[in-house]
Each structure stands twice: as structure tokens, then as C-alpha cells.
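What follows is one structure encoded as C-alpha cells, with my remarks underneath.
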Ligand SMILES: Nc1nc2c(c(=O)[nH]1)N[C@H]1C(S)=C(S)[C@@H](COP(=O)(O)OP(=O)(O)OC[C@H]3O[C@@H](n4cnc5c(=O)[nH]c(N)nc54)[C@H](O)[C@@H]3O)O[C@H]1N2
Ligand SMILES: Nc1nc2c(c(=O)[nH]1)N[C@H]1C(S)=C(S)[C@@H](COP(=O)(O)OP(=O)(O)OC[C@H]3O[C@@H](n4cnc5c(=O)[nH]c(N)nc54)[C@H](O)[C@@H]3O)O[C@H]1N2
Ligand SMILES: [Mo]
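Numbering (full-length UniProt numbering), first residue to last: 1 to 823.
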């Protein structure tokens, strides 16, 4: 595999001081390792000062340069397409949007839980002292818990927070609530809500977060790569841990080797351009129909692998009946598929033949499952791959995470750091609700839903406590969110470094530090797990901001359990103990780590060795080798193209095998005469969701008239008299936003793209239905579940109309602190 030239690689050849030593077969005495490392450290005693302070973000490791106490520059450690995001960090840290002091909205300060909730989002803010804020927070927790029980507290909620395993804001809050008796939580996430529920029924594993057939095996064997609904050159910029960016090396090498790539996407993506791929524009939400057309071709032309289906799967007879139309009277011919997805029938046939003739890797992103009936997309792709019969072969089959966090980067042998845990709840924990049903829950206390075969009854929520997430960008149908938020809870508490829309809609906002204002540790490479990065504090906290952990510890103190919360450990002791845990794990896999003190003092990172066996690893090869000895975790032990279990659950919108369902919103629905454009809400190229939106140096490079950019096709723009740079109004019957037009043929006619993560900016703050001046896409997306089975979110849904905006000037105010806030 071609190795990307990185500063980090040069660093390593210069000084290997902290490279963890793979001991191989024979165990080295620990002392030998330690003295080695000590020697190395003495050779570079001033590493930190000389090269900047090593730390990291979801978008990469970097060295922070500090001058006169100010964080002035962030230098990427590994060059990647995320460099511009790293360079924007100082700008983000010093943004005028920082929450510098604790604030409480006036109504709440005066009347507490009896304050008018409809003033949320428009009340005036009052700066208060930490003492006063913490006293009020603690007494509100106490009051709500006593009056309504732990299940009325919705806490430790969804969000991407920052990297750092100790300062995990979600767990900091969860731990506070667990030790106090418990709280209401959630399951699943917004990323793969549908896939992570359906895949275990079909494949016996999550697939989406599992290791993929590694890149060296793909590069050596794949002859054809088809990418469904993914834009890896964009989405590989971010990882849950600190990225290793190895996925870019994989895709670059694919191109260098001249392996043919086809992308199936409504957008001519950065990835398609980078790889010189053939672009097949597909109508949004119709991939399942396309897959059926491909399968029909394989079937009628006898290009499918009957032996594979017989040996490794159950349920092909049901699929067969459905394909030829015995089940519903409709044969799923390429012509049928073409009528729905817009790709010509001959093209579908040619694609199916090529897939069957070559060693083919089907790579899918997650957009196609973040839609109504999203379960079907991944299930149908598995069904198509099973017909091709290449699952478990090197370079063939399916991969659901090549676009994310460098899935396919070979896994190292070493230790894993654990982080701050939520601890054990001292009281009963109610069954968690699906992540994206939170606002259905707010509006409907006592309602019972049935999800993945289980009944769950919604609690009556009185308190929302959020740290590390931004629901006023991430949740669908923001107007409904405003309504429910102003209707139900008595108290809303948010920890935030920035005045996001979520903070602006709270009762109490506590200023949180960024990860550059505290010490921490993080793993590097989600799939490779090959680095441990130190995250040294770069600067002192801005304003009076504090670490989530310290805030919660002080609240725990007021509630009488500080010592249980902190385990009487301070920041450095926690870090030392987390590191010690990884040392023990590493030793078990015969890898020695340098002692913590040395590691921390050096300011450098640790890199674990990648064993040769990891470089040839093929997903499902063991199953293919012997399905009896290595069964999948499904009821049959085989791939379930038909699942009796799912069929038995009886959902009207998720049957026993993958099938095509018409979505409520698409180009053929009734509403499409009023809202003829399909709305694509891809993940933004230059930020992580809403994070970094407030870094203005970066924003200047993509915003149009200071607003979120809307990609619109040349024909659609011409028909509406829209030019690049125009302010446009994007609307449907859920709401309306302003955006800046980018007219291009990189998006197919009939579709527009407004990336997720735009800061919600209501022209009339706190008023549901208000125009959003900045272009937050979730004002326009329905809050419906993918299906009864998974109840994932449908972020990649929506249909809209677009017109040139001719109304009064509406400057963006999303990045200004709210009324009364002291900054
Ligand atoms: N329409 C549509 N909607 C979508 C999607 C889509 O494709 N389409 N995608 C969905 C997906 S996959 C996801 S993952 C979600 C993402 O949704 P979120 O994870 O909520 O998005 P982020 O912008 O990352 O929000 C994280 C927040 O945590 C704050 N934060 C960062 N560090 C800290 C810290 O140390 N302490 C505290 N207290 N706060 C901190 C940040 O300032 C930020 O406001 O969005 C979902 N929404
Ligand atoms: N730069 C950047 N990287 C990120 C993130 C970020 O915010 N910014 N977020 C991270 C997170 S939390 C996640 S979950 C992942 C998300 O990874 P994904 O869910 O894969 O990303 P999306 O942006 O939703 O969609 C990817 C592609 O699908 C296309 N698409 C949309 N609808 C359809 C459809 O119906 N059919 C087809 N064939 N294509 C369609 C879009 O045009 C886009 O090119 O990315 C991660 N990486
Ligand atoms: Mo996500």
C-alpha cells in the first residue's frame, strides 16, 4: 500500500522514542523497555516547547503553537483534506460566540420551574456566579427527582462532543445522574439508526461499525468498486476518536492502481472527482429500486451464485418470488427500476453484468439508511452482494464503513484506553428510548411504542440536561422541536462552550471549556486503534468556563456524593489510571508501553505495531471458510435474506425480506407538485456537523452571502431565475430558510443540497415557524421514524421548493450571543 507522506512519519523516523515496542514472540522484561524509553526521552527533553503542544480533535491530531499565552496556530500532524479545519481551530476557540460565564434566563431565575416555558429562545439572559448557578442546578435536580423520579430526567444525551476520554461531557452528565439514582437515556444514534438495528438480524453483527476487509486486501484483489451514497473524501475528515486518515491512503491507492470506480449519488461528489469515477446520478431515496433492477438482471441472465446462496444464506426463495413478481405482481425489471431511480435500464443491465464479471466491492455510505425505510437499503445491498457470491472473498462483497473513520485501516496490536464511565446507577434505569424519538417522547408522555419487537412506554420528561450535543441542529423538524421544548420540560440545562441555538433555548447555560483548555488522552484511528495521543492543555480556560467533569463534580458535592463522582482522583490521577489500564491490555497482547510519566512529559504520542496478519484480514472470510464452525450471530447462523424474526414482528413498513417501499416524500408523491426538489442534507465538507461553523476564517471559504450554501442544478436555477450568489428562500410546509445559491451541474436536476449543521437562526427568536436566516436544513426535514423496526431518524429526507429571495435584508445573527449575555 502506498503510504501518504506525513509530518508524523518524518517525526517517527527522526525519533522513535515513544513507539510502543512490539515484543513479538519472546517477552522482554519491562525494565528493559523502560530504560530504553528513558534514554530516548533524554535525547529530546524540549520536544513540547520546540514543536508546539500535541493535542487533537475529531478532525485530526495537531500541534498547537502558543505565543504570549495565546493559542495562535494549529499545525496538522498528518496532512489530509481536513487541514483547513485544523487551521481554523484557534479562530473557533476565540470566537465571539463563546459562553464565558454561567447564565440563567430571566424568567427562570425569577420563577424557576414555574417560569413561562414559551419564553425559551427569546427571554433575556442574566449572568450569574458559578456558586449561584450550581446551587440552582443542584436544587432543581433534587426537586425534579423527588417530585417526579429519575425517569423524568432526560440526560447524558446524543452528540459528538469533543475528543478526549476523560472529559467526555456526555458521560460526565450521565455519571452525575446515575450516581444520584438514574435517569432516562436513549439507544442508537443519528448516524446509523436503521442499519444498526437491521444488520444484526441479517448479518448477526452491526457491520456499520465493524472492521472492514482491510485496504491492502482491497487493493490487491478488487477489480471494481461501486460506491452507493457515500462521499469518503469528505466524510473521512472526521472520526469519533482522533483520525489516522488511513482511508485516504486507501482511496488514493485505488486511483493510482487504476481500479474502476462507479459512484451512485445525486451529487457529483468530491470523491467521484478525486477518483475519476463514473458518476451515475440516482434520484434520492430510490437506491433499493436500483438494486432490485440489478438483481433482476443477475437473476434472468443467470449471473448469480446459486451455490453461495444455498450454502451461506436463508431466504432466497422469498427474494426470487419477489423479484419476478410472484409476490406482488410486479417484476423488478431494470425498466421498472429505471422508472423510479432515473438510471437508464441498459445502464443497470451493464452494471449488473460488470459486477458479476469482476471481483467487486460494494461500498455503501449511511445516507441511504438515514431515510424513511432506511432498513431496506442496507438489507437489499447485502441481498445483492449475496447473489454476487463474493462476501468473504478478498476485495469482494460489501463494506459499510470505508467512508467513515478509515474503516479498513488494519488494526494494531496494543492496548485500548477506556474513558470516564457513567458508573453504575444507584437506582432503576428505565428502558432507553430510540435516540431520534426524543421529541415524540417529549410531546407524548405515557405513549407506548413498539420498536425492534419490544414495547417501550415514554416517560413524562420534566428536565432536559444536555452536554456535548446540539439538537437544534441535529434533530429533524426544528419548528416542532421548538414547540415541544417550549411545551413540556420544566427545566432545560445545557453545558456549552458556544452560544449555539441549543444553548439559546435553554434555561440555564453553563460555560464549558474546549478540549484545548484541559488535559486528556485519546486513541487515534477508530479502526486501527494504533495511536495513543496525549492531549496537553494548550491555554487556560476562556472566561469562567470550566470542564464538564469539574462542573458535575461540584453539583455532585451539593447532592452529597462528590467523592463517589470523582473517586477522589484529580485530572492527572484519572489520566494516569486510564493509561495504566491501556498498559495492562497492551501487555496482554505482548506490547509494552512507556511509563505514563515519561509519555506525558515527552508530549509525544505512542504508536502500536500492526501485525502482518492484520494486513490481509478479510471480513467474513472465516464464515465463508466454514459456516458451521464460524456461524454468523443470526438465528440460522447464516445470512438472513429472509428473517423469520423480523417477519414475526409484523411491522407494516418492514417485512421479512428487503423490499421496495414508496417513501412519503419523493418526486412522485402528491406534495411534489408544490415541492418538486429533493432535499439532500449531506454532512458538511468543512466542519463537523455544527462544530466549526463559528470559525469565521473557514466560513468565509464556503458561505454565500454569509449563509449556508445551497447546491442547485443549472436547469432548476434557470427555471427560477436564480444565479450563483443569490439569496434564496427554501421552503416546504414544515418551514422556511434562507440560503445562498451555488448553481452547478455537480448536482442532478430535481435535487438540491443544503448540508446539515447550519446554526439555526430564527428571524423571530423563540417563535415556532420563524424563517431561519442562516439555512439550518432540519427546519425542512420531517421528524418521522425510518420504520417501526428501528425508528431511526430520516435526516436524508425532504422535498422543497426554492425561489429567489426578494424580501427585506436579513443579516445572519446566528453567531451573535443572545440578548443579555455577557461576553
Ligand atoms: N437533516 C439531517 N440531520 C442530521 C444528519 C443528516 O445527515 N441530515 N446527520 C445526523 C448525524 S449522523 C449526527 S451524528 C448528528 C450530529 O449532531 P451533534 O452531534 O449534536 O452535532 P455537533 O455539531 O457535533 O454538536 C456537538 C455539540 O457539542 C458541543 N461540545 C463540543 N465539545 C464539548 C465539550 O467538551 N463539552 C460540552 N458541554 N459541549 C461540547 C459543540 O460545541 C456542539 O454544539 O446530526 C444528525 N442530523
Ligand atoms: N466532513 C465531515 N465528515 C464527517 C461528518 C461531518 O459532519 N463532516 N460527520 C461524520 C458522521 S457523524 C457521520 S454519521 C458520517 C456520515 O456519513 P454518510 O451518512 O455516508 O454521509 P452523508 O453526507 O449523509 O451522505 C453521503 C452521500 O450520500 C449522498 N446521498 C444522499 N441521499 C442519497 C440517496 O438517496 N441515494 C444515494 N445513492 N446517495 C445519496 C449524498 O449526496 C452524499 O454524497 O460522516 C462523518 N464524517
Ligand atoms: Mo453521525
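Here a beta-carbon is modelled for each residue, glycine too, at the ideal position from N, C-alpha and C. Here the structure is a predicted model, which is why all the values come from computation and not from measurement.
Around the CB of residue 139, fewer than 16 other CB atoms lie within 10 Å, so the residue is classed as exposed. Minimum Cα-Cα distance from residue 495 among the listed residues 544, 774, 666 corresponds to 544. Nearest neighbour of residue 439 by Cα position, chosen from 476, 701, 795, turns out to be 476. Between residue 687 and residue 734, the gap from beta carbon to beta carbon reaches 8 Å or more. In the three-state scheme derived from DSSP, where H, G and I count as helix and E and B as strand, residue 567 is classed as coil. For a cut-off of 8 Å, the C-beta gap from residue 776 to residue 464 is around 20 Å, too long to register as a contact. Setting aside the 5 residues that flank it on each side, residue 566 is surrounded in the same chain by 553, each with a C-beta closer than 6 Å to its C-beta; the list follows chain order. Between ligand 2 and the CB of residue 228, the shortest heavy atom gap is smaller than 7 Å. Straight through space, the alpha carbons of residue 700 and residue 724 are spaced by roughly 16 Å.
The C-alpha of residue 684 is placed about 8 Å away from the C-alpha of residue 234. With 16 or more other Cβ atoms inside 10 Å of its own Cβ, residue 231 counts as buried.
Cβ atoms of residue 129 and residue 486 stay farther apart than 8 Å, at about 27 Å. Contact between the segment 357-365 and the segment 630-650 is absent: fewer than three C-beta pairs spanning the two stretches fall below 8 Å.
Residue 222 sits buried, since 16 or more C-beta atoms from the chains shown fall within 10 Å of its C-beta.
Taken atom to atom, the span from the alpha-carbon of residue 429 to that of residue 414 is near 34 Å.
Set against 7 Å, the gap from the CB of residue 682 to the closest heavy atom of ligand 2 is smaller. If one requires a minimum length of 4 residues, the alpha helix (DSSP H) runs lying completely within the segment 216-295 are 232-235, 246-256, 270-274, in chain order. Straight across, the Cα-Cα distance linking residue 339 with residue 661 is about 14 Å. Counting C-beta pairs with one atom in each stretch, the segment 453-473 and the segment 163-171 have three or more that are closer than 8 Å, which means they touch. Listed by position in the chain, the residues whose beta carbon lies within less than 7 Å of some heavy atom of ligand 3 are 189, 190, 191.
The Cβ atoms of residue 797 and residue 654 lie no closer than 8 Å to each other.
Checking the DSSP bridge columns, you'll see residue 799 partnered with 678. At least one heavy atom of ligand 2 sits closer than 7 Å to the Cβ of residue 403.
Residue environment analysis places residue 778 among the buried positions, since at least 16 neighbouring C-beta atoms fall within 10 angstroms of its C-beta.
Below 8 Å, enough C-beta pairs join the segment 121-136 and the segment 501-510 to call them touching: three or more. Bounds of the alpha helix (DSSP H) holding residue 320 are 316-324.
Residues of the same chain with a CB within less than 7 Å of the CB of residue 191, apart from the 5 flanking positions on each side, are 366 in chain order.
Per the Cβ contact rule, the segment 401-411 is in contact with the segment 235-250 (3 or more Cβ pairs under 8 Å).
Just measuring C-alpha positions, the residue of 229, 539, 332 sitting nearest residue 272 is 229. Runs of alpha helix (DSSP H) with 4 or more residues, each lying fully within the segment 370-397, are found at 374-388, listed in chain order.
The beta carbons of residue 712 and residue 743 sit about 6 Å from each other, so the pair counts as a contact at 8 Å. A direct Cα-to-Cα measurement between residue 672 and residue 285 gives close to 14 Å. Straight across, the Cα-Cα distance linking residue 693 with residue 629 is about 51 Å. Distance from the Cα of residue 397 is smallest, within the candidate group 422, 225, 559, for 225. The shortest CA-to-CA distance from residue 336 to any of 291, 236, 308, 379 is the one to 291.
For a cut-off of 8 Å, the C-beta gap from residue 698 to residue 270 is around 16 Å, too long to register as a contact.
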